[in-house]
Amino acid sequence: MGDSAASVARRARTIDVDFALIGHQESWRAAADVLAVLRGPERTPLPDEEIKDILPWIPPRAVCHVDVRSIAGAKARGLYIDSFIPPDRLEAAYVHENIARVRGAAAYAIQAGAKIVSLGGFSSILIEGNFNQLPERHDTVFTTGNTLTVAFVVQGIKNMCALEGRNISRSTLLIVGATGDVGSGCARCLAPIVRRVLLSARNVERLRRLAAELQADGVQVEIATDLERFSAEADLVICAASLACPSLLLGRIAPHAIVCDAGYPKNLSPSAEMLGAKVFFGGLGQITGGLRFAPDFHGILNRHPFPDVVHGCLLEGMALALEGRFESFSQGRGFITQERVEEIETIAARHGIYLAPLYNADGPVEDGLHCYTHGPEAERV
Amino acid sequence: MKPVIGFDSSAIECTSLSPSAPIWQDILAQAMTGELLAAMNYTSLSEICDDPAEVADALEHAQGERGHAAAFAAEGRKIGVDVANNVDAKHWKRLRDAFLRCIAESDFIGCLIVQEIMLESFAVASYSRVGKVAPGSLGKTFARIAAEEEDHVEHAMSILRSERARDAQRFDDKVYRLHLDVMTTLAQMLAKECKDGHCEVCHASCVKPSLFDVSLSAAELRGASLQQYLKTLDMLGISGEVTLAWVTQLPV
Numbered sequence: 001m002g003d004s005a006a007s008v009a010r011r012a013r014t015i016d017v018d019f020a021l022i023g024h025q026e027s028w029r030a031a032a033d034v035l036a037v038l039r040g041p042e043r044t045p046l047p048d049e050e051i052k053d054i055l056p057w058i059p060p061r062a063v064c065h066v067d068v069r070s071i072a073g074a075k076a077r078g079l080y081i082d083s084f085i086p087p088d089r090l091e092a093a094y095v096h097e098n099i100a101r102v103r104g105a106a107a108y109a110i111q112a113g114a115k116i117v118s119l120g121g122f123s124s125i126l127i128e129g130n131f132n133q134l135p136e137r138h139d140t141v142f143t144t145g146n147t148l149t150v151a152f153v154v155q156g157i158k159n160m161c162a163l164e165g166r167n168i169s170r171s172t173l174l175i176v177g178a179t180g181d182v183g184s185g186c187a188r189c190l191a192p193i194v195r196r197v198l199l200s201a202r203n204v205e206r207l208r209r210l211a212a213e214l215q216a217d218g219v220q221v222e223i224a225t226d227l228e229r230f231s232a233e234a235d236l237v238i239c240a241a242s243l244a245c246p247s248l249l250l251g252r253i254a255p256h257a258i259v260c261d262a263g264y265p266k267n268l269s270p271s272a273e274m275l276g277a278k279v280f281f282g283g284l285g286q287i288t289g290g291l292r293f294a295p296d297f298h299g300i301l302n303r304h305p306f307p308d309v310v311h312g313c314l315l316e317g318m319a320l321a322l323e324g325r326f327e328s329f330s331q332g333r334g335f336i337t338q339e340r341v342e343e344i345e346t347i348a349a350r351h352g353i354y355l356a357p358l359y360n361a362d363g364p365v366e367d368g369l370h371c372y373t374h375g376p377e378a379e380r381v
Numbered sequence: 382m383k384p385v386i387g388f389d390s391s392a393i394e395c396t397s398l399s400p401s402a403p404i405w406q407d408i409l410a411q412a413m414t415g416e417l418l419a420a421m422n423y424t425s426l427s428e429i430c431d432d433p434a435e436v437a438d439a440l441e442h443a444q445g446e447r448g449h450a451a452a453f454a455a456e457g458r459k460i461g462v463d464v465a466n467n468v469d470a471k472h473w474k475r476l477r478d479a480f481l482r483c484i485a486e487s488d489f490i491g492c493l494i495v496q497e498i499m500l501e502s503f504a505v506a507s508y509s510r511v512g513k514v515a516p517g518s519l520g521k522t523f524a525r526i527a528a529e530e531e532d533h534v535e536h537a538m539s540i541l542r543s544e545r546a547r548d549a550q551r552f553d554d555k556v557y558r559l560h561l562d563v564m565t566t567l568a569q570m571l572a573k574e575c576k577d578g579h580c581e582v583c584h585a586s587c588v589k590p591s592l593f594d595v596s597l598s599a600a601e602l603r604g605a606s607l608q609q610y611l612k613t614l615d616m617l618g619i620s621g622e623v624t625l626a627w628v629t630q631l632p633v
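Top line first, the protein sequences correspond to chains Y and D.
Start counting the first sequence at 1; every next residue gets the next number (our numbering).
Start counting the second sequence at 382; every next residue gets the next number (our numbering).
Spelled out as structure tokens, the structure:
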């Protein structure tokens, strides 16, 4: 932090990266913090109103270098590229503008020579059904990162059930946004181990196709586009849709239901409609081998209550880079299978990338005893 | 230095009946001042060029910029306003002084960086925005001149890319040094409010708060200018990570 622009210049001139992470800021507060680091501690932070005026004009570009180390000894160098989607434009009305920004960020990653690019947060949602809209790729491959996100959502559900003493095989699972890439992946992984599955999404045809696929394996499935029809029946809920106010749409749910916020941005919190619900943020992993940002954006680009926690979608690119597997592991929509989830879980674990301790908007929901803390054995890269 | 066309703000009157005419009058005054300053810069540049082709090129550009200034003055007459200019106004003078320091060092590349990368980014972006909202021939003139200025930049880019290819480190350091000087002044000019007094170009009070009346805003003109600047630096091959830090460190 506090690097002069000249010293940043010297470092950045030798771009030679294994991976790139494409992301954006979820809130104006987060955007302000990023710009404050870039301005340096010797300058007063930009006023909020100025940030709202300036940020939408910034073209996609790298913000910092990201170096990651595996517990097996491998190292990978990367770049974090921000698409600078304004936080108040993370919605369908701006889809064309936002796709253009992600395309710009993708072009930047290609030019930087990244071998693999992870599409983080909203970028992944925008591109999962539009891979053909990415620029010509040369030697760069893109992954939505959704398979590792699914892996961490599923692990989180299992851990939460264990923490709460629930028998998952007796549970009724509701997936909101079930036909999306993450939602359908979670359905395939969890359907075989729960009693009953309720699928909710806007597109009936896609719902029918997914239900038929699961029913062919003997799963008890029901579908509905009306979310409230299902809400009260489920004791496990995965909210994989990116909704502005998911708690309102969820409506009344079963008391003491376990609710995983697997959407983006993470905006589900215990509310009047969900009294007694155990809410946690899903799809997050933790790097235990070492993670370094230059300039230092620790706690700013990854704003979580535990150290070195990163969204699964971004971690997938890092894990594949550490593994030396430069391939589009997650591509398109609806292709995530249990086998692929197990494969990426194994790769991630080999390099010390595990499910992050569970937490929600109010803080940790478990004691975090297994949480990695910075010690001599967890050396910074 | 005397204004190229005499400036006496008290003598400038707006005879147009259009309520937006005084706003266009000030926008035209800023544009005209910028064009005349560019003409002066190219004339100065011609004096340090060794190659006769470069001399001719610089003088041709100077003539072109004077033509743009005349076009803006003509647009003012069409809407019934006199368009003033003041290349000695505080911000514009600082920009001219920065250019003259490059001239004093016979730094041809530095001159191109100041004029073509920094000042023209501002001109292309702001004229383009004005061109989209200004009515009739006024809008067309701004759009046409924006396109012509963009051609200038294209021409300079090939020279600057070749220079950077020779020694990227040295080139980038030079751009950064000039950025601190020139872009700091431009950022102050482009601030949403003129906090340090009258700009000495607007004919009465600051035009910025009135820009909303003609579907513009100071924030939009600043944003578009900085975006154009960043994209131009990208085209030169300077790392976007570096230029992002440069721009975020500018005053607001």
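Ideal Cβ placement from N, Cα and C applies to all residues, glycine included.
Note that the structure is a prediction, hence the values are computed from the model and not measured.
Item                                                                                                                                                                          : Value
Please check if any C-beta of chain D sits within less than 8 Å of the C-beta of Tyr108 (chain Y).                                                                            : yes
The ligand MN and Gln444 (chain D): does the residue's C-beta get closer than 7 Å to at least one heavy atom of that ligand?                                                  : In the structure on display, the ligand MN does not appear, and there are no ligands present to speak of.
Closer than 7 Å by C-beta to Pro305 (chain Y): which residues in its own chain qualify, once you throw out the five before and the five after it? Chain order, please.        : Tyr359, Gly363, Pro364
Grab me the residues of Ile353 (chain Y)'s own chain with a C-beta within less than 6 Å of its C-beta, minus the 5 sequence neighbours each way, in chain order.              : Gly285, Ile287, Leu315, Ala319
Taking a Cβ distance cut-off of 8 Å, strictly less, list which residues of the stretch 206-234 of chain Y are near chain D, in chain order.                                   : none
In the stretch 126-185 of chain Y, which residue ranges form an unbroken beta strand (DSSP E) of at least 3 residues, counting only runs that do not cross its ends?          : 141-143, 172-176
Mind checking if Glu622 (chain D) is an interface residue toward chain Y, Cβ cutoff 8 Å exclusive?                                                                            : yes
Which residue marks the beginning of the alpha helix (DSSP H) containing Ile336 (chain Y), and which one marks its end?                                                       : Note, Ile336 (chain Y): premise wrong, no alpha helix (DSSP H); not H, not E.
With a threshold of 8 Å, are at least 3 pairs of Cβ atoms found where one atom belongs to the stretch 100-113 of chain Y and the other to the stretch 32-49 of chain Y?       : no
Among D:Trp405, D:Ile540, D:Glu416, D:Ala455, which residue has its Cα nearest to the Cα of Val505 (chain D)?                                                                 : D:Glu416
Could you tell me the alpha carbon to alpha carbon distance between Ala201 (chain Y) and Val176 (chain Y), rounded to whole angstroms?                                        : 6 Å
Output yes if chain D places a C-beta closer than 8 Å to the C-beta of Arg43 (chain Y); else output no.                                                                       : yes
What is the DSSP secondary structure of Asp122 (chain Y), counted as helix, strand or coil?                                                                                   : Note that residue 122 (chain Y) corresponds to Phe in the displayed sequence, not to Asp. In the structure shown, Phe122 (chain Y) sits in a helix (DSSP, three-state: H, G or I).
Where do the N-terminal and C-terminal ends of the alpha helix (DSSP H) with Gln444 (chain D) fall, by residue?                                                               : 433-459
For Met564 (chain D), tell me which candidate among D:Thr629, D:Glu456, D:Ala410, D:Tyr423 has the shortest Cα-Cα distance.                                                   : D:Thr629
Given a cut-off of 8 Å, decide if His449 (chain D) and Ile526 (chain D) are closer than it, judged by their beta-carbon atoms.                                                : yes
For Phe523 (chain D), which beta-bridge partners are listed by DSSP?                                                                                                          : Bridge partners of Phe523 (chain D): none, in fact.
Please state whether the Cβ-Cβ distance between Ala419 (chain D) and Gln496 (chain D) is less than 8 Å.                                                                       : yes
Strictly below 8 Å CB to CB, what residues from chain D border Val117 (chain Y)?                                                                                              : Result: empty, since nearest Cβ-Cβ is about 15 Å, beyond 8 Å.
Does Arg39 (chain Y) come within less than 8 Å of chain D when only Cβ atoms are used?                                                                                        : yes
With distance defined between alpha-carbon atoms, name the residue in D:His579, D:Lys612, D:Gly618 nearest to Arg547 (chain D).                                               : D:Gly618
I'd like the span of the alpha helix (DSSP H) that includes Glu316 (chain Y), first residue to last.                                                                          : 312-323
Per DSSP, what kind of secondary structure is Gln569 (chain D) in: helix, strand or coil?                                                                                     : helix
I need the straight-line Cα distance from Gly299 (chain Y) to Val154 (chain Y), nearest angstrom please.                                                                      : 25 Å
Please classify Gly120 (chain Y) as buried or exposed, where buried requires at least 16 other C-beta atoms within 10 Å of its C-beta.                                        : buried
My guess is that Lys612 (chain D) and Pro59 (chain Y) are in contact by the Cβ rule of under 8 Å, so how many angstroms apart are they, rounded?                              : 6 Å
Step through the CB atoms of chain D and report whether any lies within less than 8 Å of the CB of Pro86 (chain Y).                                                           : no
To the nearest angstrom, how far is it from the Cα of Gln569 (chain D) to the Cα of Ser502 (chain D)?                                                                         : 15 Å
Among the candidates Y:Leu126, Y:Val63, Y:Asp53, whose CA atom is the shortest distance from the CA of Ala241 (chain Y)?                                                      : Y:Leu126
In or out: Ser620 (chain D) buried (at least 16 other Cβ within 10 Å) or exposed?                                                                                             : buried
Can you pull the chain Y residues whose beta carbon is under 7 Å from the beta carbon of Ala504 (chain D), in chain order?                                                    : By Cβ distance, chain Y contributes nothing, its closest Cβ being about 17 Å from Ala504 (chain D), past 7 Å.
For Ala224 (chain Y), I'd like the list of residues in its chain whose CB is within less than 6 Å of its CB, leaving aside the five on either flank, ordered along the chain. : Ser200, Phe230
Would you give the residue range spanned by the beta strand (DSSP E) that His65 (chain Y) belongs to?                                                                         : 61-69
Between Ile58 (chain Y) and chain D, is any beta-carbon pair separated by less than 8 Å?                                                                                      : yes
What is the DSSP secondary structure of Cys583 (chain D), reduced to helix, strand or coil?                                                                                   : coil
Taking the C-alpha atoms as reference points, what is the distance between Glu49 (chain Y) and Ser509 (chain D)?                                                              : 24 Å
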